[in-house]
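Visitor: Shown below is the structure under consideration.
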Amino acid sequence: MSTIRVRFAPSPTGLLHVGGLRTALYNFLFARKHGGVFILRIEDTDRNRYVPGAMENLIRTLGWAGLQYDEGPVTGGPRGPYIQSERLAQYKACAEELIRNGKAYRDFLDQGDDDEQEKSGEGEQPKIARRQNLLSSDEVRRRLEAGEPAAVRMKVPDAVTIAIDDVIRGHVEFASDLVNDQVLLKSDGYPTYHLANVVDDHFMGVTHVIRGEEWLPSTPKHVLLYDYFGWPKPVFAHLPLLLNPDRTKLSKRQGDVAVEDYQKKGYLPDALVNFIALLGWNPGDEREIFTLEELTREFSLERVGKSGAVFNMDKLNSVNKQYLRTKTDQELVSVVRPILEESGIRGFSDDYLGQVIRLTKERVTTVCDFKETGDFFFADPARYDEEALKKNWKAESPKYVAAVLDALRSLETFSAATIEAVVRRTAEQLGVGPGKLIHPVRLATTGKSTGPGLFELMEVLGKGTCVRRLERALQTLV
RNA sequence: GGCCUUAUCGUCUAACGGUUUAGGACGCGGCCCUCUCAAGGCCGAAAUACGGGUUCGAUCCCCGUUAAGGCUACCA
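With this note's numbering, letter number 404 in the first sequence gets 550, and the count goes up by one each step, no holes.
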């Protein structure tokens with residue numbers, strides 16, 4: 147069996163979409179699993195939608211997610227170029243070959259005429275473009291020589307059934323009468339997706355086409371083209387769509403769809419990848435957390451489902467939390483530090499940030515949350531949370547806090563253990579439960595009523611800071 | 001409108017005709033733990049869209065209905 151070759155073929159029209167990431171991931175996993183090749187191909191055949199820099203961005207985001215491609219732009223490869231706008235001559239030659247063989251023809255109508263026709267058609271019957279006999283061959287030649295722009299359309303046969311056997315969907319049939327004479331080469335000389343994709347997949351040796359379900363309806367066109375060229379067909383696998391909560395195709399408007407959005411919001415790449423892998427695929431048992439290596443080992447197209455999957459933020463959050471806990475404190479320091487510095491929080495050592503992360507990482511959802519959850523580690527509380535105040539700052543609280551403050555001042559070693567001992571002893575001496583002191587002290591030192599264990603947090607803060615904050619609270623809060 | 005696809009808890013899904021009182025996870029509710037919040041543990045509510053077949057037996061196979069989605073460009 148020949149080497150498996152698959153490709154991810156985005157168009158450079160913007161940021162990488164999470165649906166695109168999943169398609170890329172499944173292609174990547176399939177290739178790796180079978181010792182095959184994962185190709186990145188840029189489909190930039192629509193000059194109107196081209197966004198400068200989009201390709202670089204796509205590559206960077208794929209890299210962030212850990213999906214390294216084997217052949218593609220920048221890195222190159224034996225079947226390049228991997229950017230379609232650099233392969234124009236090839237598409238043109240292929241289109242001409244089809245014309246020569248009577249499988250395609252020139253069409254001088256422009257886009258506007260096309261729409262016009264459809265409107266005037268107006269019935270219930272679909273308007274299938276079949277225009278090969280509109281002009282005599284003499285006239286075609288004359289207008290061509292006159293330099294009139296022409297598109298090339300494929301000729302679709304009447305009354306045949308075009309069947310595909312999709313790995314995921316099974317056997318699917320289409321009636322050729324409902325397939326229109328697709329434009330293959332636009333009048334600007336660029337190919338359409340349909341031509342370019344078939345030509346490239348053939349010349350790049352692609353064995354499996356793994357793409358979104360939105361391509362299923364145009365697959366008969368592609369199948370026809372393979373036959374026209376006399377090329378072997380790849381195996382098709384059409385993936386179920388990723389959905390909005392209302393079950394429409396995942397789109398902007400209903401939340402973030404760009405991978406970069408999730409990156410910015412503080413999701414870990416391996417967590418996002420893990421979560422997305424489970425949208426449409428499962429290992430068949432009850433495991434849910436996988437490294438990329440484990441996914442590679444377990445993945446199979448056979449276990450990909452058929453129905454669309456809603457992109458569920460709650461689940462993503464849960465997965466991200468689980469990943470956060472698997473990271474070491476220092477690993478997270480390097481991720482969290484830049485986020486803090488963006489907000490002007492700087493000057494803290496790796497060791498200190500590591501301590502902060504150790505105490506807060508079980509309480510955050512994303513790496514961005516460290517800033518908010520751990521704010522009191524970076525500055526004295528700017529204000530005291532109002533509800534916490536109401537709940538935990540009672541009339542007798544100042545007295546208790548003052549007692550704790552006194553006891554703390556004489557502490558030699560300021561560790562969680564010694565702080566706890568002192569606080570509990572003080573409570574005992576005052577004849578009240580330790581909670582009566584702990585809650586107001588927490589409020590005074592952190593400004594809130596929630597967070598890491600008080601004694602651990604005070605140890606990290608250090609004696610000076612704690613004493614200062616308690617003093618200040620006693621002055622401010624009455 | 002036409003074509004295509006899909007259909008198990010709110011969501012992601014398991015079950016590859018019988019071992020099922022339909023399993024897990026997220027979310028939700030309760031309890032435990034506890035200085036709070038998380039985490040963790042335990043418990044709970046929650047689904048096979050509907051109607052026909054086939055079969056000794058259907059979540060699973062077939063047909064229909066319904067619903068949802070995708071596609072219907074010289075966009076990808």
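The C-beta atom is built at its ideal place from N, Cα and C for all residues, glycine as well. None of the values given here were measured: they were computed from a predicted structure.
Just grab the DSSP bridge partners of Lys249 for me.
Guide: On the first sequence, residue 249 is found 103 positions in, with the first residue counted as 1. Its beta-bridge partners do not exist; DSSP assigns none.
Visitor: Less than 8 Å between the C-beta atoms of Val329 and Arg299, yes or no?
Guide: In the first sequence, residue 329 corresponds to position 183, counting from 1. In the first sequence, residue 299 corresponds to position 153, counting from 1. In contact: Val329 and Arg299 (Cβ atoms closer than 8 Å).
Visitor: Check Ile422 in the structure and name its three-state DSSP category.
Guide: Counting from one through the first sequence, the residue named residue 422 turns up at place 276. Here Ile422 sits in helix by DSSP.
Visitor: Which class does Glu582 belong to by DSSP, given the choice of helix, strand or coil?
Guide: Here residue 582 refers to the residue found at position 436 of the first sequence. Residue 582 is actually Lys in this sequence, not Glu. Three-state result, Lys582: helix.
Visitor: Between Phe522, Val578, Asp334 and Tyr215, which lies nearest to Ser231 when the distance is taken from Cα to Cα?
Guide: Locating residue 231 in the first sequence gives position 85, counting from the first residue. For Ser231, the nearest C-alpha among the options comes from Asp334.
Visitor: Express the C-alpha separation of Leu161 and Tyr251 in angstroms, rounding to a whole number.
Guide: Along the first sequence, read from residue 1 onward, the residue named residue 251 stands at position 105. Along the first sequence, read from residue 1 onward, the residue named residue 161 stands at position 15. Going from the Cα of Tyr251 to the Cα of Leu161 covers about 36 Å.
Visitor: In the DSSP assignment, find the unbroken beta strand (DSSP E) run with Val369 in it and report its ends.
Guide: Reading the first sequence from its first residue, position 223 is the one you call residue 369. Here Val369 belongs to no beta strand (DSSP E); instead the alpha helix (DSSP H) covers Thr365 to Phe375.
Visitor: Which full runs of the alpha helix (DSSP H) of 4+ residues lie inside the region 415-471, going along the chain?
Guide: 415-423 and 438-444
Visitor: Go through the region 293-338 residue by residue and report every complete run of the alpha helix (DSSP H) that reaches 4 residues or more, in order.
Guide: none
Visitor: Compare the Cα-Cα distances from Thr159 to each of Phe184, Asn247 and Thr191 and report the closest residue.
Guide: Taking the first residue of the first sequence as position 1, residue 159 is located at position 13. Selected option, being the one with the closest Cα: Thr191.
Visitor: Would you give the residue range spanned by the alpha helix (DSSP H) that Arg168 belongs to?
Guide: In the first sequence, residue 168 corresponds to position 22, counting from 1. Secondary structure note for Arg168: its alpha helix (DSSP H) is the uninterrupted segment Val164 to Lys179.
Visitor: I'd like the list of long-range same chain contacts for Gly470, defined as Cβ closer than 6 Å, with 5 residues on each side in sequence excluded.
Guide: Residue 470 sits at position 324 when you count from the first residue of the first sequence. Sequence check: residue 470 is Leu here, not Gly. Excluding residues within five positions, the ones whose Cβ falls inside 6 Å are Lys507.
Visitor: In the DSSP assignment, find the beta strand (DSSP E) that holds Asp151 and state where it starts and stops.
Guide: Position 5 of the first sequence, counting from 1, holds the residue named residue 151. Checking the displayed sequence, the identity of residue 151 turns out to be Arg instead of Asp. Segment Arg151 to Phe154, the beta strand (DSSP E) holding Arg151.
Visitor: Quick check on DSSP: helix, strand or coil for Gln257?
Guide: For the purposes of this step, residue 257 is identified with residue 111 of the first sequence, where counting begins at 1. In this prediction, Gln257 has a pLDDT of 49, which is less than 50 and means its spatial position is unreliable; what the coordinates show is noted afterwards. Of the three classes helix, strand and coil, the one that applies to Gln257 here is helix, per DSSP.
Visitor: Identify every run of the beta strand (DSSP E) within the region 568-620, keeping only runs that are complete inside it and at least 3 residues long; order them along the chain.
Guide: none
Visitor: In whole angstroms, what is the alpha-carbon distance linking Arg509 and Asp515?
Guide: Counting from 1 along the first sequence, the entry for residue 509 is found at position 363. Counting from 1 along the first sequence, the entry for residue 515 is found at position 369. Annotation: Arg509 to Asp515 spans about 9 Å, alpha carbon to alpha carbon.
Visitor: Between Ile584 and Leu607, which are expected to be in contact by the criterion C-beta below 8 Å, what is the C-beta distance as a whole number of angstroms?
Guide: Sequence index remark: in the first sequence, residue 584 carries index 438 (1-based). Sequence index remark: in the first sequence, residue 607 carries index 461 (1-based). Ile584 to Leu607, Cβ: 15 Å. No contact.
Visitor: Helix, strand or coil for Glu189 per DSSP?
Guide: On the first sequence, residue 189 is found 43 positions in, with the first residue counted as 1. Shown here, Glu189 sits in coil according to DSSP, grouped into three states, outside any helix or strand.
Visitor: What does the alpha-carbon distance come out to for the pair Val547 and Arg618?
Guide: Reading the first sequence from its first residue, position 401 is the one you call residue 547. Reading the first sequence from its first residue, position 472 is the one you call residue 618. Whole-angstrom Cα-Cα distance: 11 Å.
Visitor: For the beta strand (DSSP E) that Ile491 lies in, which residues bound it at each end?
Guide: Position 345 of the first sequence holds residue 491. Here Ile491 belongs to no beta strand (DSSP E), and DSSP marks it neither H nor E.
Visitor: Compare the beta carbon distance of Glu434 and Leu424 with 8 Å and say whether it is the shorter of the two.
Guide: In the first sequence, counting from the first residue as 1, residue 434 sits at position 288. In the first sequence, counting from the first residue as 1, residue 424 sits at position 278. Yes. Within cutoff.
Visitor: For Asp259 and Ala275, what's the separation of their Cα atoms in angstroms?
Guide: Along the first sequence, one-based indexing puts residue 259 at 113. Along the first sequence, one-based indexing puts residue 275 at 129. Annotation note: pLDDT 49 at Asp259 (below 50); position unreliable, coordinate value reported separately. Between Asp259 and Ala275, the C-alpha separation is close to 12 Å.
Visitor: What would DSSP say about Lys379, mapped onto helix, strand or coil?
Guide: Residue mapping note: residue 379 aligns to position 233 of the first sequence, counting from 1. In the structure shown, Lys379 sits in coil (DSSP, three-state: anything other than H, G, I, E or B).
Visitor: Just the C-alpha distance for Tyr413 and Gly500, rounded to the nearest angstrom, thanks.
Guide: For the purposes of this step, residue 413 is taken as the residue at position 267 of the first sequence. For the purposes of this step, residue 500 is taken as the residue at position 354 of the first sequence. Straight-line Cα distance between these residues: approximately 19 Å.
Visitor: Using the Cα positions of Gly269 and Leu324, report the straight-line distance between them to the nearest angstrom.
Guide: Here residue 269 refers to the residue found at position 123 when the first sequence is read from its first residue. Here residue 324 refers to the residue found at position 178 when the first sequence is read from its first residue. Its pLDDT being 34, under 50, Gly269 is placed unreliably by the model, and the measurement read from it follows with that caveat. Cα to Cα, Gly269 sits roughly 15 Å from Leu324.
Visitor: Taking the alpha carbon of Glu406 as the reference point, which residue from Thr207, Arg570 and Arg178 has its own alpha carbon closest?
Guide: Within the first sequence, the letter at position 260 stands for residue 406. The shortest C-alpha separation from Glu406 is found at Thr207.
Visitor: Just tell me which of Pro386, Val578 and Ala553 has its CA closest to the CA of Ala567.
Guide: The residue you call residue 567 lines up with position 421 of the first sequence. Per the Cα distances, Ala553.
Visitor: Can you give me the Cβ contacts of Arg187 inside the same chain, cut-off strictly under 8 Å, excluding the 5 residues immediately before and after it?
Guide: One-based indexing of the first sequence puts residue 187 at position 41. Answer for Arg187: Arg153, Phe154, Ala155, Gly218, Tyr228, Ile229, Gln230, Asp346 and Met350, listed in chain order.
Visitor: Under 8 Å, with one C-beta from each stretch per pair, do the region 378-394 and the region 195-202 reach the 3-pair mark?
Guide: no
Visitor: Between Glu448 and Ile314, what straight-line distance do the alpha-carbon atoms span, to the nearest angstrom?
Guide: If you number the first sequence from 1, residue 448 lands on position 302. If you number the first sequence from 1, residue 314 lands on position 168. Spanning the two alpha carbons is a distance of roughly 7 Å.
Visitor: So, Ile485 versus Val513, is the Cβ gap smaller than 8 Å?
Guide: In the first sequence, counting from the first residue as 1, residue 485 sits at position 339. In the first sequence, counting from the first residue as 1, residue 513 sits at position 367. Against a cut-off of 8 Å, the Cβ pair of Val513 and Ile485 comes out as a contact.
Visitor: Does the region 576-594 come close enough to the region 526-535 that 3 or more CB-CB pairs lie under 8 Å?
Guide: yes
Visitor: So, at 6 Å on beta carbons, what are the nonlocal neighbours of Glu542 in its own chain, with the 5 sequence-adjacent residues on each side left out?
Guide: Stepping through the first sequence from its first residue, residue 542 is reached at position 396. So the list is empty, once near-sequence residues are dropped.
Visitor: Following the continuous alpha helix (DSSP H) through Gly209, name the residue where it begins and the one where it ends.
Guide: Locating residue 209 in the first sequence gives position 63, counting from the first residue. Ala200 to Trp210 is the extent of the alpha helix (DSSP H) around Gly209.
Visitor: Buried or exposed, going by whether 16 or more other CB atoms sit within 10 Å of the CB of Asp496?
Guide: By one-based count along the first sequence, residue 496 stands at place 350. That one is exposed.
Visitor: Secondary structure at Gly182, three-state DSSP: helix, strand or coil?
Guide: Translated into the one-based positions of the first sequence, residue 182 becomes position 36. Looking at Gly182 - three-state DSSP - the assignment turns out to be coil, as it is neither helix nor strand.
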